[in-house]
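> Quick one: this structure, given as structure tokens, is what I'll be asking you about.
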Ligand SMILES: *Cc1c(COP(=O)(O)O)cnc(C)c1O
């Protein structure tokens, strides 16, 4: 499979393991039970392909899905069963109300202004239009202020037109369990939600899923951890979902002192060998890994030599040559896989796994693997993950 012609035509091969994705969903759902597990599939399921990801998660039992924009919702609505709920986190942009209602998508109302436009449409259509309400509990990003929430709470007619099935907020520091803001936000959330008619409550995302139970509410919105990356160090285990191989275009020898790549920023003290692979920052591989990151071949680390280019990266493969291991044009090296995790790449590039994932390019050949994965003993997760 690795050496077939179609894979030769692209510079890299991205494999998305839907069995691992489903296993992560089941594991997390188990962990947070009796709270329910929702899937966050915004940004094309963090770059992995919202269609196949939604299918696999629905089969694993997921019934609640979140995207950021209405456009993303429209792209996946048809792939979801009618009884699946699909929420748009950024709410209701002016002029999109009718499209949102027609598609049966549930907006997360973030302001009084969004709320009144949705209520007006429900009144005009003379049918109830469901919504979620987002409460700003101390992140100053999206959501109703305490005053705005109190104003809605006092407006019984609003709930007549707009049945609210979910009240949510978002933690600013859920990846830092020791921060006092987490408990502060949970307290404000409970107080604000208590003023509103009863609805499911949701405060936690992947980070919050690894906080104590009282953060889980009725529904946990899981993104990153479903895609196989840990929201912070020391929690897991999660099954890796993505692997990425890059094709070797050329291997050449370099003289001592010969400059490599843009800016000639890499030189070897002694003669050596450089392999050029067909993945670069145009494929989402961080340019920050210039002279820093690595690829792997049969477990050997091949350091990035020089700057990451748009379509290629040069690797110092002298160590392979010295060990008598052949590497030639058409061979593949590992960029993400058993030797190099998303978290490790993100750490080395000075960013977060979210950014590496969502930047994964459209230029790769993509394969979706559907191998079923046995569920791992949940006590493992509890031991390493439960604070
Ligand atoms: C993106 C997002 C999530 C998912 O976050 P993860 O850390 O990937 O689990 C949940 N809730 C909101 C409001 C989000 O914007």
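In our numbering, the protein residues as written are -3 to 383. By construction, the Cβ of each residue, glycine as well, lies at the ideal position given by its N, Cα and C atoms.
Hey, out of 212, 325 and 320, whose CA is closest to residue 273's CA?
Here the question's residue 273 lines up with position 277 in the chain shown. Checked all of 212, 325 and 320; the closest Cα to residue 273 is 325.
> State yes or no: is the C-beta of residue 135 within less than 9 Å of the C-beta of residue 166?
To locate residue 135, count along the chain shown from 1; it is residue 139. To locate residue 166, count along the chain shown from 1; it is residue 170. Contact: yes.
> Taking the beta carbon of residue 249 as the centre, do at least 16 other beta carbons fall within 10 Å, making it buried, or is it exposed?
Residue 249 sits at position 253 when you count from the first residue of the chain shown. That one is exposed.
> Could you tell me the alpha carbon to alpha carbon distance between residue 126 and residue 287, rounded to whole angstroms?
Here residue 126 refers to the residue found at position 130 of the chain shown. Here residue 287 refers to the residue found at position 291 of the chain shown. Cα-Cα distance, rounded: 52 Å.
> Any heavy atom of ligand 1 closer than 8 Å to the beta-carbon of residue 196?
Here residue 196 refers to the residue found at position 200 when the chain shown is read from its first residue. No, Cβ of residue 196 sits at least 8 Å from all heavy atoms of ligand 1.
> Which class does residue 164 belong to by DSSP, given the choice of helix, strand or coil?
Residue mapping note: residue 164 aligns to position 168 of the chain shown, counting from 1. In this structure, residue 164 counts as strand in the three-state DSSP scheme.
> Using alpha carbons as the reference points, say which of 7, 19 and 5 lies closest to residue 237.
Here residue 237 corresponds to residue number 241 of the chain shown, with the count starting at 1. With distances taken between Cα atoms, residue 237 lies closest to 19.
> What does a CB cutoff of less than 7 Å around residue 335 pick up in its chain, not counting 5 residues either side in sequence?
As a first step, residue 335 must be located in the chain shown, where it is residue number 339. Excluding positions up to five away in sequence, the list reads 292 and 295.
> Considering only DSSP beta bridges, list what residue 32 is partnered with.
Here residue 32 refers to the residue found at position 36 when the chain shown is read from its first residue. According to DSSP, which records beta bridges pairwise, residue 32 is partnered with 215.
> Quick one: is residue 243 buried, meaning 16 or more other Cβ sit within 10 Å of its Cβ, or exposed?
For this step, residue 243 is matched to residue 247 along the chain shown. With 16 or more Cβ atoms within 10 Å of its Cβ, residue 243 is classed as buried.
> For a quick check, are the C-beta atoms of residue 198 and residue 170 less than 9 Å apart?
Mapped onto the chain shown, residue 198 falls at position 202. Mapped onto the chain shown, residue 170 falls at position 174. No, the pair does not count as a contact, with Cβ atoms beyond the cut-off.
> Give the range of the beta strand (DSSP E) segment to which residue 61 is assigned.
In the chain shown, residue 61 corresponds to position 65, counting from 1. Run containing residue 61: 60 to 63, per the beta strand (DSSP E) assignment.
> Helix, strand or coil for residue 275? Go by DSSP, reduced to three states.
In the chain shown, the residue the question calls residue 275 occupies position 279. Three-state DSSP puts residue 275 in coil, outside helix and strand.
> With a threshold of 8 Å, establish whether the CB of residue 221 neighbours any heavy atom of ligand 1.
Here residue 221 corresponds to residue number 225 of the chain shown, with the count starting at 1. Checking the Cβ of residue 221 against ligand 1 gives yes.
> Taking residue 62 as the reference, give the member of 44, 78 and 39 with the closest Cα.
In the chain shown, the residue the question calls residue 62 occupies position 66. If we check each option's Cα against that of residue 62, 39 comes out closest.
> Please state whether the Cβ-Cβ distance between residue 298 and residue 17 is less than 9 Å.
Numbered from its first residue, the chain shown carries residue 298 at position 302. Numbered from its first residue, the chain shown carries residue 17 at position 21. No; because the gap between Cβ atoms is not below 9 Å, this pair is not in contact.
> Could you have a look at residue 348 and say whether DSSP puts it in helix, strand or coil?
For the purposes of this step, residue 348 is identified with residue 352 of the chain shown, where counting begins at 1. Three-state result, residue 348: coil.
> Going by C-alpha to C-alpha distance, which of 278, 157 and 266 sits closest to residue 352?
Mapped onto the chain shown, residue 352 falls at position 356. Closest by alpha carbon: 278.
> Please determine whether the Cβ atom of residue 23 lies at a distance below 8 Å from any heavy atom of ligand 1.
For this step, residue 23 is matched to residue 27 along the chain shown. Residue 23 Cβ: outside cutoff for every heavy atom of ligand 1.
> Name, in chain order, the residues that DSSP records as bridge partners for residue 330.
The count along the chain shown starts at 1 and reaches residue 330 at position 334. Residue 330 pairs with 241 and 292.
> Can you list, in chain order, the residues of its chain with a C-beta nearer than 8 Å to that of residue 409? Leave out the 5 residues immediately preceding and following it.
Residue coverage of the chain in this structure runs from -3 to 383, which leaves residue 409 outside it and unanswerable.
> Does residue 363 come within less than 9 Å of chain D when only Cβ atoms are used?
The structure shown contains no chain D; it holds only a single protein chain.
> Could you name the residues of the same chain whose beta carbon sits closer than 6 Å to that of residue 85, not counting the 5 residues immediately before and after it, in chain order?
Within the chain shown, the letter at position 89 stands for residue 85. Closer than 6 Å at the Cβ level, and outside the excluded window around residue 85, lie 62, 64 and 104.
> With DSSP as the reference, please indicate the residues paired to residue 256 in a beta bridge.
In the chain shown, counting from the first residue as 1, residue 256 sits at position 260. Answer by DSSP bridge pairing, in chain order: 262.
> Just mark residue 383 as buried or exposed, buried being the case when its beta carbon has 16 or more other beta carbons within 10 Å.
Residue 383 sits at position 387 when you count from the first residue of the chain shown. A caution first: residue 383 carries a pLDDT of 36, below 50, which makes its placement in the model unreliable, though a value can still be read off. Exposed.
> Taking 8 Å as the cut-off, does the segment 145 to 159 touch the segment 111 to 118 (at least 3 CB pairs, one atom from each stretch)?
The segment 111 to 118 is in contact with the segment 145 to 159.
> State yes or no: is the C-beta of residue 100 within less than 9 Å of the C-beta of residue 119?
As a first step, residue 100 must be located in the chain shown, where it is residue number 104. As a first step, residue 119 must be located in the chain shown, where it is residue number 123. Not closer than 9 Å, so no.
> What is the DSSP secondary structure of residue 122, reduced to helix, strand or coil?
Residue 122 sits at position 126 when you count from the first residue of the chain shown. Coil, per DSSP.
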